[in-house]
Amino acid sequence: MCRSFAQRLAAAGHGGAIVNISSIAGQRLMPHTAAYGTSKAAINALSTVLAGELGPKRIRVNAVAPGMIDTSRMDDVPRGKVWDEVVRANIPLQRAGTGEDIAHMVVFLCSEQAAWITGQTFTVDGGHGHAPRG
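Residue numbers (the working numbering): 5 to 138.
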């Protein structure tokens with residue numbers, strides 16, 4: 005997908021932005037997440053490598069690594085007391101993220117305000133990586 009989109013951006017000659025969606029699993033590399041965590045770490049690495057390759061064509065490439073987002077992917081954790089306890093224990097901002105939280109970062113990275121940002125992975129997780137461990 006990145007290759008195809010980059011070819012189209014390069015052909016248009018105006019530069020542009022590619023934003024890949026990763027996960028904090030690609031940074032935290034927790035037990036029992038081998039396939040998922042490794043695939044997300046690979047997306048982070050791909051984004052960094054492509055930034056170097058496509059930069060001369062004025063194409064920026066970044067990744068967004070969401071934390072716990074309240075989507076159907078999380079439906080194995082029942083909402084209610086268990087969900088609330090997991091959120092409270094792991095997210096300093098005390099709420100799971102939403103699709104809109106991630107979309108705001110993606111829109112920013114595609115905007116002119118991010119014109120000098122490339123090759124980065126942005127963690128959007130409500131502070132999940134900084135939650136106290138008990």
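Backbone N, C-alpha and C define an ideal beta-carbon position, used for all residues, glycine too. These figures come from a predicted structure and were not determined experimentally.
Beta-carbon gap between residue i and residue j smaller than 8 Å
i      : j      : result
ILE25  : ALA10  : no
VAL128 : GLY59  : no
ALA67  : SER43  : no
GLY56  : GLY41  : no
ILE63  : ALA119 : no
ALA107 : ILE73  : no
ILE121 : ALA69  : no
VAL65  : GLY17  : no
Inter-residue spacing [alpha-carbon to alpha-carbon] between residue i and residue j
i      : j      : result
LYS61  : PHE126 : 22 Å
ASN48  : GLY103 : 20 Å
PHE112 : VAL90  : 29 Å
CYS114 : ARG7   : 17 Å
GLY133 : ASP80  : 22 Å
VAL86  : GLY19  : 46 Å
PRO82  : PRO35  : 22 Å
GLY84  : MET5   : 38 Å
ARG12  : ASP88  : 44 Å
Chain-order list of residues whose beta-carbon lies under 7 Å from that of residue i (same chain, five-residue window excluded)
i      : result
GLY131 : ILE95, PRO96 and LEU97
ALA38  : none
MET109 : VAL68, PHE126 and VAL128
VAL53  : none
ASP105 : VAL128
Sequence-distant residues of the same chain with beta carbon closer than 6 Å to residue i, five excluded per side
i    : result
LEU4 : One cannot answer for residue 4 here, as it falls past the ends of the chain, which runs 5 to 138.
Per DSSP, the bridge partner or partners of residue i
i      : result
PHE126 : VAL68
GLY101 : ILE73
Neighbourhood of residue i by C-beta distance below 8 Å, restricted to the same chain and skipping five residues each side
i     : result
ALA46 : GLY30
THR75 : GLY103
Residue i beta carbon near the ligand MN (any heavy atom closer than 7 Å)
i     : result
SER43 : With respect to the ligand MN, the structure offers nothing, as it holds no ligand at all.
Those runs of the alpha helix (DSSP H) which lie wholly inside the segment 17-88 and span at least 4 residues: 29-32 and 38-58
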